[in-house]
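Let me begin by presenting the structure, written as structure tokens, before commenting on it.
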Amino acid sequence: MVSWSSCSLSSLLTTTFSPFNSPHPENGSRIPRRLHTYLSTPWATPNLQPISHFFAESPPKVRLVRGPHRCEGRVEVERNGEWGTVCDDGWNMKDVEVVCRELGCGAAKGTPSGNLYKPLADEKQKIFIQDVNCNGTEDELIECDRVEDVFDCSHSEDAGAICEKSPPKVRLVRGPHRCEGRVEVERNGEWGTVCDNGWNMKDVEVVCRELGCGAAKGTPSGNLYKPLANEKQKIFIQDVNCNGTEDELIECDRVEDVFDCSHSEDAGAICEIPETVRLVGGPGRCKGRLEVKHQKQWGTVCKAGWHLSAAKVVCRQLGCGKATLIKRCCDKDTQGQGLIWLSNVSCSGREEDLQHCLSGLEGYNNCTHDEDTWVECEDPFKLRLVNGDTSCSGRLEVLHKGIWGSVCDDGWAKKEEQVVCQQLGCGKPIFVPAKARKKFVPGDGRIWLDDVHCKGEEQSLEQCQHRSWGYHDCNHKEDVVVFCLEGQPDI
Numbered sequence: 016m017v018s019w020s021s022c023s024l025s026s027l028l029t030t031t032f033s034p035f036n037s038p039h040p041e042n043g044s045r046i047p048r049r050l051h052t053y054l055s056t057p058w059a060t061p062n063l064q065p066i067s068h069f070f071a072e073s074p075p076k077v078r079l080v081r082g083p084h085r086c087e088g089r090v091e092v093e094r095n096g097e098w099g100t101v102c103d104d105g106w107n108m109k110d111v112e113v114v115c116r117e118l119g120c121g122a123a124k125g126t127p128s129g130n131l132y133k134p135l136a137d138e139k140q141k142i143f144i145q146d147v148n149c150n151g152t153e154d155e156l157i158e159c160d161r162v163e164d165v166f167d168c169s170h171s172e173d174a175g176a177i178c179e180k181s182p183p184k185v186r187l188v189r190g191p192h193r194c195e196g197r198v199e200v201e202r203n204g205e206w207g208t209v210c211d212n213g214w215n216m217k218d219v220e221v222v223c224r225e226l227g228c229g230a231a232k233g234t235p236s237g238n239l240y241k242p243l244a245n246e247k248q249k250i251f252i253q254d255v256n257c258n259g260t261e262d263e264l265i266e267c268d269r270v271e272d273v274f275d276c277s278h279s280e281d282a283g284a285i286c287e288i289p290e291t292v293r294l295v296g297g298p299g300r301c302k303g304r305l306e307v308k309h310q311k312q313w314g315t316v317c318k319a320g321w322h323l324s325a326a327k328v329v330c331r332q333l334g335c336g337k338a339t340l341i342k343r344c345c346d347k348d349t350q351g352q353g354l355i356w357l358s359n360v361s362c363s364g365r366e367e368d369l370q371h372c373l374s375g376l377e378g379y380n381n382c383t384h385d386e387d388t389w390v391e392c393e394d395p396f397k398l399r400l401v402n403g404d405t406s407c408s409g410r411l412e413v414l415h416k417g418i419w420g421s422v423c424d425d426g427w428a429k430k431e432e433q434v435v436c437q438q439l440g441c442g443k444p445i446f447v448p449a450k451a452r453k454k455f456v457p458g459d460g461r462i463w464l465d466d467v468h469c470k471g472e473e474q475s476l477e478q479c480q481h482r483s484w485g486y487h488d489c490n491h492k493e494d495v496v497v498f499c500l501e502g503q504p505d506i
């Protein structure tokens, strides 16, 4: 970079570069857009520690919009209460480092074009600054040199930023997946529980949002999730009072240091599981062409750089078994038709979610759909009939996430029983009077499936339509009981 002489440019910098919310120079002077010269080599990204944005004394003057989370998106800056964009002339990793630091996100990861984040900024929205020139050590973007009032840049040239998202200060434990369980919050590196005094759906909405899960679905007691928290684990907060719009639980009113609550009163939360990864075009949900969801659009993953360690993450995320096969997909009839979102994906194999792996920037690759990735996992879907005279009669249970649970009879009919009997190798279903069905003791654990609808031709109950795992409006009096021909009881 060209080094500026203090004697030759100090006055120019003083009159031209003003804070976002300061008056403009009376003479309207500005540095020409190409005055700054930048190195063409990539900037090294330091290993920055995340700074939680809620510790900021005042709201940041910068934000990232239209991205998948608050730490990625199109860059916008605030001036006099109005938000405007940043022209990407001269925009580089050192500028992104400052944005990430100001927002309390992690290390800078990329400088994508802002036009990746749809829809583009409205034509009426102003472009406030360009030629941003940070050295990478500033705490706020407002401290960096820049040119204000841009006239020769369009919103197709808006700057973007990708930061390493800060780890959430809340987690859900002992549930069937990461979006359900007992609520725990982190303080000074230690995890503690939340007393359920005053706990309600608005509080759960915030937890779900912070974790990147879907809509809030329930406020179960935390003692549903066994084993209970250890007696030595602290209960950090109670009387949480969120309005439901906060981004993080720490922003809500609460009482800290709890002395009159036990772990049998720990708060729980149920959120929808966001569907961000799927396998399509295969014989079941655990085999098929890999697709990922980004900005509400599904796209494929290029086979370039793909390894079995990444497939392990996909299979784990889908609740399938071990990864058994990866290959290039597919013939022309079954290959993808839309976007190719990812390439050069790199995972250790220990990640819980594919989004925790590294990859090339979304949408930037030289792949074709001839290189789409195909993944096959072991189908972990198992079912059994319990408490019957034989293995071919009894209350139906299915295995999910290593836990057996029952199936609700809403929508249940002969076609569904036909699939169950066939999957168990028990022949055809038979009609049994209600009297015989009532002898089976209802289950007392999880209710895994509801509103199951089969065509009768499926090889596995998993291939039938049903509500998301664990979502139902049933009780155990509605548990499904099935009788197959080889297990006909004496009536």
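Note that the numbering used here has the sequence shown beginning at 16, numbered continuously upward. Backbone N, C-alpha and C fix where the C-beta goes; we use that ideal spot for every residue, glycine too. Since the model is a prediction, treat every value here as computed from it, not as a measurement.
If you draw a 10 Å sphere on the C-beta of residue 340, you find fewer than 16 other C-beta atoms in it, and that means exposed.
Around the beta carbon of residue 92, a 10 Å sphere encloses 16 or more other beta carbons of the protein chains shown; the residue is thus reported as buried. At the C-beta level, residue 357 and residue 307 come within 9 angstroms of one another. Contact check for residue 273 against residue 253 passes: the beta carbons are separated by less than 9 angstroms.
For residue 237, the secondary structure class from DSSP, reduced to helix, strand or coil, is helix. DSSP places residue 123 outside any alpha helix (DSSP H); the residue lies instead in the beta strand (DSSP E), whose first and last residues are 123 to 125. Boundaries of the alpha helix (DSSP H) around residue 328: 323 to 332. As DSSP reads the structure, residue 157 sits in no beta bridge. CA-CA distance, residue 480 to residue 467, rounds to 6 angstroms. Distances from the alpha-carbon of residue 123 to those of 175, 99, 162 put 175 closest. Secondary-structure assignment with DSSP links residue 286 through a beta bridge to 231. Annotation for residue 373: 361 place their beta carbon closer than 7 angstroms to its own, counting only its chain and skipping 5 residues before and after.
In the DSSP annotation of this structure, residue 254 is not part of any alpha helix (DSSP H); the continuous beta strand (DSSP E) holding it starts and ends at 250 to 256. With respect to the 9 angstroms criterion, residue 168 and residue 120 are not classified as neighbours on the basis of their beta carbons.
For residue 143, the closest C-alpha among the options 446, 166, 158, 267 is that of 166. With the rule of 3 Cβ pairs closer than 8 angstroms, the segment 275 to 290 counts as touching the segment 207 to 226.
110 is the residue among 110, 406, 187, 225 whose C-alpha sits nearest the C-alpha of residue 146. Within the DSSP bridge table, the entry for residue 201 names 206 as partners. Contact between residue 385 and residue 350 is confirmed by a C-beta separation of about 7 angstroms, below the 8 angstroms threshold. Within its own chain, the residues whose Cβ lies closer than 6 angstroms to the Cβ of residue 297, once the five positions on either side in sequence are excluded, are 303, listed in chain order. Here residue 388 is bridged, per DSSP, to 343. Per DSSP, reduced to three states, the secondary structure at residue 114 is helical.
Secondary structure of residue 268 (DSSP, three-state): strand. The criterion of a C-beta distance shorter than 9 angstroms is satisfied by residue 286 and residue 231. Assignment of residue 353 by DSSP, reduced to helix, strand and coil, places it in the coil class. Looking only at 194, 90, 133, 156, the smallest Cα-Cα distance to residue 113 is reached by 156. Between residue 475 and residue 439, the alpha-carbon positions lie close to 9 angstroms from each other. As far as DSSP is concerned, residue 136 takes part in no beta bridge. Beta-bridge pairing by DSSP links residue 409 to 497. Minimum Cα-Cα distance from residue 411 among the listed residues 398, 83, 371, 318 corresponds to 398. Residue 371 sits in a helix when the DSSP states are folded into three classes. Cβ neighbours of residue 135 within its own chain (closer than 6 angstroms, five residues either side excluded): 170. Residue 461 is positioned such that its CB atom lies closer than 9 angstroms to that of residue 191. According to the DSSP assignment, residue 262 belongs to no beta strand (DSSP E), since it is labelled neither H nor E. Linking residue 206 to residue 417 through their CA atoms gives a straight-line distance of about 25 angstroms.
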